[in-house]
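Numbering-wise (the working numbering), the sequence shown opens with residue 5 and increments by one. No residue lacks a Cβ here, since even glycine has one placed at the ideal position from N, Cα and C. Okay, so here's the structure we're looking at.
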Amino acid sequence: MATFTIKRGDTAPALRYALLPETVDLTGASVVLVMDGGARLPAQIISPSPPVVQYDWQPGDTDRTGLRRAEFEVTHLDGAVETFPNAGYLLVQITEDLG
């Protein structure tokens, strides 16, 4: 995935991610965005099939500039936990703003 870029203090656009493989079943699942540093942020399932998840930034989420690693952690209905992407990380670049 290309680096997702957002300015410091912004809460949009949301971080949307299509899970692979497309056969992942999100029915009844829950999802969180895990950021380096330990943040576990409740995310939402946009589409169970094809599987798409999203995190809507909240005030304070983008206050620290720099390159951050992130991943979506899905807890399936049966309690199994699966992390996406399963190889590497999503990269979130939070850049300085002029204000």
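Residues bridged to residue i [DSSP beta-bridge criterion]
i      : result
Glu100 : According to DSSP, which records beta bridges pairwise, Glu100 is partnered with nothing at all.
Ala74  : Met39 and Leu94
Residue i vs residue j beta-carbon contact at 8 angstroms
i      : j     : result
Ala22  : Pro54 : yes
Gln58  : Ala18 : yes
Arg20  : Val56 : yes
Glu100 : Arg12 : yes
Exposed unless 16 or more other CB atoms sit within 10 angstroms - verdict on residue i
i     : result
Val85 : exposed
Asp65 : buried
Ala74 : buried
Ala33 : buried
Leu81 : exposed
Leu30 : buried
Arg72 : buried
Leu94 : buried
CA-to-CA distance, residue j to residue i, given in whole angstroms
i      : j     : result
Gly42  : Val36 : 12 angstroms
Ala16  : Pro89 : 22 angstroms
Phe8   : Met39 : 13 angstroms
Gly103 : Pro52 : 39 angstroms
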